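Single-structure report; data block below.
2 protein chains.
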Amino acid sequence: MADLKTNLNNYSLDEEELRQGIELLFYAYRDFTSEPDKILAKWGFGRAHHRVIYFVGRNPNITVTELLLILQITKQSLARVLTILVKENFINQRADPSDRRRKLMTLTEKGQQLEKELTSTQMARFNRAYNETDTEAIEGFRRVLRGIINPHDRARVRPRTGLSHRRN
Amino acid sequence: MADLKTNLNNYSLDEEELRQGIELLFYAYRDFTSEPDKILAKWGFGRAHHRVIYFVGRNPNITVTELLLILQITKQSLARVLTILVKENFINQRADPSDRRRKLMTLTEKGQQLEKELTSTQMARFNRAYNETDTEAIEGFRRVLRGIINPHDRARVRPRTGLSHRRN
DNA sequence: TTTATTAAGTCAACATGGCTGACCTTAAAA
DNA sequence: TTTTAAGGTCAGCCATGTTGACTTAATAAA
């Protein structure tokens with residue numbers, strides 16, 4: 550934190566601003582995960598299952614290795630939830646024809662339904678937040694969040710299309 | 550999700566935009582917590598300890614009940630980490646003179662040092678992200694994140710002061 | 001003043017989801 | 001043919017969330 554100003558309170562104005570960002574992110578993430586967690590509990594699942602379902606749904610034919618790169622957890626941690634999701638028919642695996650070591654994963658119909666139920670609560674939350682602001686705020690939100698992500702992984706989220714949100 | 554448009558791909562443009570927001574939040578939080586986690590591991594602590602240290606540091610003389618409202622965990626979950634932090638002299642507790650049932654918590658010198666070490670990595674991350682954008686983007690970031698937080702808790706993060714960030 | 005109520009602490013028990021390290025199979029690449 | 005890569009699996013550990021019941025001490029209410 551080399552370039553932070555300090556004052557007599559051992560408390561810089563910039564530090565205050567940065568801490569507010571930290572807290573906003575903490576509270577937002579806390580609430581963002583709270584609704585899906587309740588739905589997952591009905592199925593005996595946890596947040597880890599949601600993440601797997603989400604990213605398989607979002608990236609059809611994803612491999613285990615790619616999923617590990619996204620989630621940044623160990624193979625064993627992933628295997629625990631993935632095995633259950635395959636056994637209970639939420640996720641389908643089939644060998645990649647061009648490299649039969651790889652297994653391409655997709656959501657089953659059942660998996661898609663659960664994914665939609667879970668993610669719709671989060672999309673509704675974003676939709677409300679977006680509607681309370683404007684296009685410029687949303688763009689700023691995206692740019693700052695992108696800057697918080699480690700540079701190497703910023704490209705994982707598709708950049709905005711040219712089409713603007715319906716407000717404005 | 551009443552007002553989402555749909556197209557032939559069962560895929561609306563708005564849905565794409567909302568999902569990008571979800572993913573940005575996921576990746577940002579993932580990376581935001583990764584650096585403190587490494588430091589905490591050296592002390593035998595976890596993310597839960599960081600959260601307690603952070604919010605006690607940020608809210609001197611906070612009570613257990615208030616901390617529970619912030620963290621949204623059970624008393625037992627908090628007690629486990631809090632007991633350790635008090636025993637190992639990171640946090641001080643003293644009875645509130647005006648209501649001796651309440652215990653007011655503050656960071657010790659040792660606690661302040663660890664807090665600074667942990668949080669400085671996150672502040673540095675925000676500082677970098679903020680410096681890559683501009684005042685308007687930061688303000689948009691804050692407004693959208695605030696909108697994602699459950700309305701009741703939005704006031705927990707102090708609103709911006711009139712003083713602007715040093716860029717622009 | 002007796003009776004709630006509140007703040008905090010505690011115990012036992014359980015589940016989720018991280019982790020490590022070792023090891024195996026199969027398939028592709030060198 | 002040997003090495004590497006993708007994936008799976010086992011045993012065990014730890015952190016951190018959960019519930020429910022119960023206790024103590026102090027304040028507030030009847």
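Chains A and B, in that order, are what the protein sequence lines are.
Letter by letter, the first sequence follows residues 550 to 717 in this note's numbering.
Letter by letter, the second sequence follows residues 550 to 717 in this note's numbering.
Every residue gets a Cβ at the ideal spot worked out from N, C-alpha and C, and that includes glycine.
Only a predicted model underlies this, so the values are computations on that prediction, with no experimental measurement involved.
Collapsed DSSP secondary structure at residue i in the structure displayed
{"i": "ASP648 of chain A", "result": "strand"}
{"i": "ILE622 of chain B", "result": "coil"}
{"i": "ASN641 of chain A", "result": "strand"}
{"i": "LEU712 of chain B", "result": "Bear in mind that a pLDDT of 40 at LEU712 of chain B, under 50, signals an unreliable position, so the number given afterwards is only what the model happens to contain. LEU712 of chain B falls in the coil class under three-state DSSP."}
{"i": "ILE611 of chain A", "result": "strand"}
{"i": "PHE604 of chain A", "result": "helix"}
Cα-Cα separation, residue i to residue j
{"i": "ARG649 of chain B", "j": "THR632 of chain B", "result": "19 Å"}
{"i": "GLU681 of chain A", "j": "GLU637 of chain A", "result": "39 Å"}
{"i": "THR718 of chain B", "j": "LEU656 of chain A", "result": "No statement about residue 718 of chain B is possible, as the shown extent of chain B runs from 550 to 717 and does not include it."}
{"i": "ARG715 of chain B", "j": "ASP563 of chain A", "result": "Low local confidence applies: a pLDDT of 38 at ARG715 of chain B is under 50, so the model's placement there is unreliable, with the coordinate-based value given in what follows. So the two alpha carbons sit approximately 8 Å from each other."}
{"i": "GLU688 of chain B", "j": "LEU617 of chain A", "result": "34 Å"}
{"i": "ILE622 of chain B", "j": "THR684 of chain A", "result": "35 Å"}
{"i": "LEU567 of chain B", "j": "GLN661 of chain A", "result": "17 Å"}
{"i": "ASN676 of chain A", "j": "GLN642 of chain B", "result": "42 Å"}
{"i": "ARG705 of chain B", "j": "ARG607 of chain A", "result": "33 Å"}
{"i": "LEU620 of chain B", "j": "PRO609 of chain A", "result": "35 Å"}
{"i": "PHE604 of chain A", "j": "VAL693 of chain B", "result": "23 Å"}
{"i": "PRO585 of chain B", "j": "ARG579 of chain B", "result": "11 Å"}
{"i": "LYS587 of chain B", "j": "ARG695 of chain A", "result": "22 Å"}
{"i": "GLN671 of chain B", "j": "SER647 of chain A", "result": "42 Å"}
{"i": "ALA673 of chain B", "j": "ARG596 of chain B", "result": "18 Å"}
{"i": "ILE698 of chain B", "j": "GLU572 of chain B", "result": "17 Å"}
{"i": "THR744 of chain B", "j": "GLU658 of chain A", "result": "What the structure shows of chain B is the stretch from 550 to 717, and residue 744 of chain B is not part of that stretch, so it cannot be assessed."}
{"i": "PHE690 of chain A", "j": "TRP592 of chain B", "result": "34 Å"}
{"i": "PHE581 of chain B", "j": "ARG707 of chain B", "result": "20 Å"}
{"i": "ASP702 of chain A", "j": "VAL601 of chain A", "result": "18 Å"}
{"i": "ARG651 of chain B", "j": "SER626 of chain B", "result": "19 Å"}
{"i": "ILE611 of chain B", "j": "LEU634 of chain A", "result": "42 Å"}
{"i": "ALA644 of chain B", "j": "GLU565 of chain A", "result": "28 Å"}
{"i": "ALA678 of chain B", "j": "TYR576 of chain B", "result": "14 Å"}
{"i": "ALA590 of chain A", "j": "LYS665 of chain A", "result": "16 Å"}
{"i": "LYS554 of chain A", "j": "ALA628 of chain B", "result": "Interpretation of LYS554 of chain A is limited by its pLDDT of 43, a score under 50 that renders its predicted location unreliable; no figure is taken from the coordinates."}
{"i": "LEU574 of chain A", "j": "PRO700 of chain A", "result": "19 Å"}
{"i": "LYS624 of chain A", "j": "LEU653 of chain B", "result": "43 Å"}
{"i": "GLY570 of chain B", "j": "ALA686 of chain A", "result": "13 Å"}
{"i": "HIS598 of chain A", "j": "PHE639 of chain A", "result": "10 Å"}
{"i": "VAL630 of chain A", "j": "SER583 of chain A", "result": "19 Å"}
{"i": "PHE594 of chain A", "j": "LEU663 of chain B", "result": "35 Å"}
Residue(s) in a DSSP beta bridge with residue i
{"i": "THR655 of chain A", "result": "A:ASN641"}
Residue i Cβ short of 6 Å to the ligand SAH heavy atom set
{"i": "GLU564 of chain B", "result": "Ligands in the displayed structure: none, and consequently the ligand SAH is not present."}
- Item | Length at least 4, wholly inside the stretch 660-710 of chain A: the alpha helix (DSSP H) runs in chain order | 684-697
- Task: Give, in chain order, every unbroken run of the alpha helix (DSSP H) that is at least 4 residues long and sits entirely within the stretch 565-607 of chain A.
- Result: 596-607
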